[in-house]
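Participant:
Protein chains in written order, with my numbering: chain A, 1 to 218; chain B, 219 to 298.
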């Protein structure tokens, strides 16, 4: 599988993401700079974590209006898998590829710790290798992870089985304990936790691995 | 032409920062603060000299970037 990791000024988790994809998938992703207008032909596009544009205006707001986002939108419409982690999730929401928004954590603190997530659906190229209802470990590191959506959007997400992960023990006030959601066509996943940081024994666990295995096998 | 765009949170959207400020005002001894909602103000100068056109352009800026209309409202004022 071919993949690309998109880097914005202020991204800082791209190296972990590249390493995870390379270790699990066997080939190194292309690293694409934000000013590009086109993407190489790939099967997976990843927007990694960080603090693009210093979180100025709103987290992900400036990055979401960059030229590369039009290319990502085009590829997503073609059905290419798009994964946004942490700041990547914020960018996907700001760009309108996913509904809702990520606001300041309810407790106002930056949270950097390990949390537990429940896998809510296995019906996606991201979660197929998990078991439905499985509780997995994952690190989080964010200040703006408090997911919000209006009642109508939330009802749709639930009805269409688009909530991919929920927190077990909500760390940030997210509505309905939401940690990650899928797009309507199920090929875009945004999540605040960092599965790329739990992929080998040296990380202290392997719970993030099935996500990449699902994708890379797809 | 000078303009001001004010962005505020929609009613019902939880504002943890506003809540923290509200608490801090209380601890400074300002009694009777019923609530605080935090927003943003953008002072923008545009080349356009027609107030109507400038306002339309600023409305577009607000809708496309300055505000996230999922959670925020905006107001455009032409100042001079």
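The beta carbon of each residue, even a glycine, is placed where N, CA and C say it ideally should be.
What are the boundary residues of the alpha helix (DSSP H) that residue 270 of chain B is part of?
Facilitator: Taking the first residue of the second chain as 1, we reach residue 270 of chain B at position 52. Per DSSP, residue 270 of chain B belongs to the alpha helix (DSSP H) from 269-279.
Participant: Anyone know if the C-beta pair for residue 18 of chain A and residue 32 of chain A falls short of 9 Å?
Facilitator: Taking the first chain and counting its residues from 1, one reaches residue 18 of chain A at position 18. Taking the first chain and counting its residues from 1, one reaches residue 32 of chain A at position 32. Not closer than 9 Å, so no.
Participant: Taking a cut of 8 Å between CB atoms, which residues from the segment 284-297 of chain B lie near chain A?
Facilitator: For the segment 284-297 of chain B, which is checked against every Cβ of chain A, the residues closer than 8 Å are 284, 286, 288 and 289.
Participant: Where does residue 206 of chain A land, buried or exposed, given buried means 16+ other C-beta within 10 angstroms?
Facilitator: Within the first chain, numbered from 1, the residue matching residue 206 of chain A stands at position 206. Exposed, by the Cβ-count rule.
Participant: When the distance is taken between beta carbons, is residue 136 of chain A closer than 9 Å to residue 113 of chain A?
Facilitator: For this step, residue 113 of chain A is matched to residue 113 along the first chain. For this step, residue 136 of chain A is matched to residue 136 along the first chain. For residue 113 of chain A and residue 136 of chain A, no; Cβs fall outside 9 Å.
Participant: Taking only beta carbons into account, state which residues of the segment 96-129 of chain A come closer than 9 Å to chain B, listed in chain order.
Facilitator: Per Cβ criterion, the list reads 99, 100, 101, 103, 104, 105, 106, 107 and 108.
Participant: Beta-carbon of residue 238 of chain B versus every beta-carbon of chain A: anything under 9 Å?
Facilitator: If you number the second chain from 1, residue 238 of chain B lands on position 20. With 9 Å as the cut-off, residue 238 of chain B counts as an interface residue toward chain A.
Participant: Using a Cβ-Cβ distance under 9 Å, would residue 214 of chain B count as near chain A?
Facilitator: Lying outside 219 to 298, the shown extent of chain B, residue 214 of chain B is not represented and no answer is given.
Participant: Go ahead and label residue 126 of chain A buried or exposed: buried means 16 or more other beta carbons lie within 10 angstroms of its beta carbon, across all protein chains shown.
Facilitator: As a first step, residue 126 of chain A must be located in the first chain, where it is residue number 126. Residue 126 of chain A is buried by the Cβ-count criterion.
Participant: May I ask you to list, following chain order, the residues of the segment 234-258 of chain B that have a beta carbon less than 9 Å from some beta carbon of chain A?
Facilitator: Under the 9 Å Cβ criterion, the segment 234-258 of chain B contributes 234, 235, 237, 238 and 258.
Participant: Identify the contact partners of residue 65 of chain A in chain B, using a Cβ-Cβ distance below 7 Å as the criterion.
Facilitator: Here the question's residue 65 of chain A lines up with position 65 in the first chain. By Cβ distance, chain B contributes 283.
Participant: Report the neighbours of residue 94 of chain A on chain B: residues whose CB is nearer than 8 Å to its CB, in chain order.
Facilitator: What you label residue 94 of chain A is simply residue 94 of the first chain in a count that begins at 1. By Cβ distance, chain B contributes 286.
Participant: Any chance the segment 76-95 of chain A sits against the segment 154-169 of chain A, with 3 or more Cβ pairs inside 8 Å?
Facilitator: Segments in contact, no.
Participant: Could you name the residues of chain B that residue 134 of chain A contacts, counting a contact when the two beta carbons are closer than 8 Å?
Facilitator: Position 134 of the first chain, counting from 1, holds the residue named residue 134 of chain A. Within chain B, no residue comes near residue 134 of chain A; the closest Cβ sits about 30 Å away, beyond 8 Å.
Participant: From the DSSP output, read off the bridge partner residues of residue 139 of chain A.
Facilitator: One-based indexing of the first chain puts residue 139 of chain A at position 139. A:114, per the DSSP bridge assignment.
Participant: Going by Cα to Cα distance, which pick from B:296, B:286 and B:234 is closest to residue 263 of chain B?
Facilitator: Locating residue 263 of chain B in the second chain gives position 45, where the first residue counts as 1. Ranking B:296, B:286 and B:234 by Cα distance to residue 263 of chain B puts B:296 first.
Participant: On the criterion of 16 or more Cβ atoms from any shown chain inside 10 Å, does residue 80 of chain A qualify as buried, or is it exposed?
Facilitator: Translated into positions along the first chain, residue 80 of chain A becomes position 80. Residue 80 of chain A should be labelled buried.
Participant: Do you know how far the Cα of residue 30 of chain A is from the Cα of residue 106 of chain A?
Facilitator: The residue given as residue 106 of chain A occupies position 106 in the first chain. The residue given as residue 30 of chain A occupies position 30 in the first chain. So the two alpha carbons sit approximately 36 Å from each other.
Participant: With burial defined as no fewer than 16 other Cβ atoms inside 10 Å of the residue's Cβ, what is the status of residue 66 of chain A: buried or exposed?
Facilitator: Taking the first chain and counting its residues from 1, the one referred to as residue 66 of chain A is at position 66. So residue 66 of chain A ends up on the buried side.
Participant: With a 10 Å radius around its C-beta and 16 neighbouring C-beta atoms as the bar for buried, classify residue 52 of chain A as buried or exposed.
Facilitator: Stepping through the first chain from its first residue, residue 52 of chain A is reached at position 52. That one is buried.
Participant: Quick one, which of A:187, A:94 and A:48 has its alpha-carbon nearest residue 56 of chain A's?
Facilitator: Your numbering for residue 56 of chain A matches position 56 in the first chain. Nearest of A:187, A:94 and A:48 to residue 56 of chain A, Cα basis: A:94.
Participant: So with Cβ pairs under 9 Å, would you call residue 61 of chain A a contact of chain B?
Facilitator: Stepping through the first chain from its first residue, residue 61 of chain A is reached at position 61. Output row for residue 61 of chain A: interface = yes.
Participant: How many angstroms separate the CA atom of residue 199 of chain A from the CA atom of residue 272 of chain B?
Facilitator: Here the question's residue 199 of chain A lines up with position 199 in the first chain. Here the question's residue 272 of chain B lines up with position 54 in the second chain. If you take the alpha carbons of residue 199 of chain A and residue 272 of chain B, they lie about 52 Å apart.
Participant: Answer yes or no: do residue 20 of chain A and residue 195 of chain A have a C-beta to C-beta separation smaller than 9 Å?
Facilitator: Mapped onto the first chain, residue 20 of chain A falls at position 20. Mapped onto the first chain, residue 195 of chain A falls at position 195. Going by C-beta atoms, residue 20 of chain A is nearer than 9 Å to residue 195 of chain A.
Participant: With a Cβ-Cβ cutoff of 9 Å, do residue 48 of chain A and residue 85 of chain A count as a contact?
Facilitator: In the first chain, residue 48 of chain A corresponds to position 48, counting from 1. In the first chain, residue 85 of chain A corresponds to position 85, counting from 1. Yes, Cβ-Cβ distance for residue 48 of chain A and residue 85 of chain A is below 9 Å.
Participant: If you draw a straight line from the alpha carbon of residue 7 of chain A to that of residue 252 of chain B, how long is it in whole angstroms?
Facilitator: On the first chain, residue 7 of chain A is found 7 positions in, with the first residue counted as 1. On the second chain, residue 252 of chain B is found 34 positions in, with the first residue counted as 1. Their backbone Cα atoms lie some 44 Å apart in a straight line.
Participant: In chain order, what residues of the same chain have a beta carbon less than 8 Å from the beta carbon of residue 204 of chain A, not counting five sequence neighbours either side?
Facilitator: On the first chain, position 204 is the one that residue 204 of chain A refers to. Answer for residue 204 of chain A: 198, listed in chain order.
Participant: Is DSSP giving residue 178 of chain A helix, strand or coil here?
Facilitator: Position 178 of the first chain, counted from the first residue, corresponds to residue 178 of chain A. If DSSP states are grouped into helix, strand and coil, residue 178 of chain A belongs with the strands.
Participant: To the nearest angstrom, how far is it from the Cα of residue 168 of chain A to the Cα of residue 265 of chain B?
Facilitator: Stepping through the first chain from its first residue, residue 168 of chain A is reached at position 168. Stepping through the second chain from its first residue, residue 265 of chain B is reached at position 47. Cα to Cα, the separation comes out at about 52 Å.
Participant: Contact between the segment 36-45 of chain A and the segment 222-237 of chain B is defined here as three or more beta-carbon pairs at a separation below 8 Å; is this criterion met?
Facilitator: Output reads no: the segment 222-237 of chain B does not touch the segment 36-45 of chain A.
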